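Colleague: For the sequence shown, the UniProt record's numbering assigns the number 1 to the initial residue and increments by one for each residue that follows. This is the structure I want to talk about, given as structure tokens.
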Amino acid sequence: MESQHACDLLTALGHPVRLAVFRELMAYGPAGAPAGTLGLAVNLAPNALSFHLNRLKQAGLVTAQRAGQQTIYRARLNTMRELIVYLDDTCCRDVATGCGPQCPPKQTPIRLATIATPKIKETPP
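Here's what the structure looks like:
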């Protein structure tokens, strides 16, 4: 990943509303979520949500796909994974003993699957 691309991604995520929207989308995993569902989850009016989703889309963090009258938004999980790897790549590289106990070994794969588990909403019986 290029440094400028990482900066663009971090800039897009640097707004509290966009970060909340992106985190909500990550919770839905590859299935994504319609705009209406996202708006309710993050308590945003449709026009405000659209603005922030478009900014995330421009940065390459979100995709949008029409499904009938709805638009399904999805977090680009691979893009987030690449950003995390980019940020972690140089961690303690100049320290002879490595990172020590505060960092996982480099062999430990980053598992976004544990973060991006779809939400299952329970309904009362």
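Backbone N, C-alpha and C define an ideal beta-carbon position, used for all residues, glycine too. Quick caveat: nothing in here was measured; it's all calculated off a predicted structure.
(1) What separation, rounded to the nearest whole angstrom, lies between the Cα atoms of D94 and G14?
(2) Are three or more beta carbon pairs between the segment 61-80 and the segment 24-34 nearer than 8 Å?
(3) If you compare alpha carbons, which of A6, L25 and A35 is closest to Q69?
(4) With V62 as the anchor, note down where its beta strand (DSSP E) starts and where it stops.
(5) Threshold first: 4 residues or longer. Then list the alpha helix (DSSP H) segments lying entirely within the UniProt domain "HTH arsR-type" (1-95), N to C.
(6) Just to confirm before moving on: does the CB-CB distance between M26 and L83 stay below 8 Å?
(7) When the Cα of C7 is compared with those of Q65, L61, L53 and L49, which residue comes out closest?
(8) Please determine, among D88, A48, L53 and C92, the residue with the shortest C-alpha to C-alpha distance to residue 131.
Modeller: Taking the definition as stated:
(1) Taking the straight line from one Cα to the other gives about 28 Å.
(2) yes
(3) A35
(4) From DSSP, the beta strand (DSSP E) with V62 extends over V62 to A67.
(5) 3-13, 16-27, 35-42, 46-59 and 77-88
(6) no
(7) Selected option, being the one with the closest Cα: L61.
(8) Only positions 1 to 125 of the chain appear in this structure, which leaves residue 131 out of reach.
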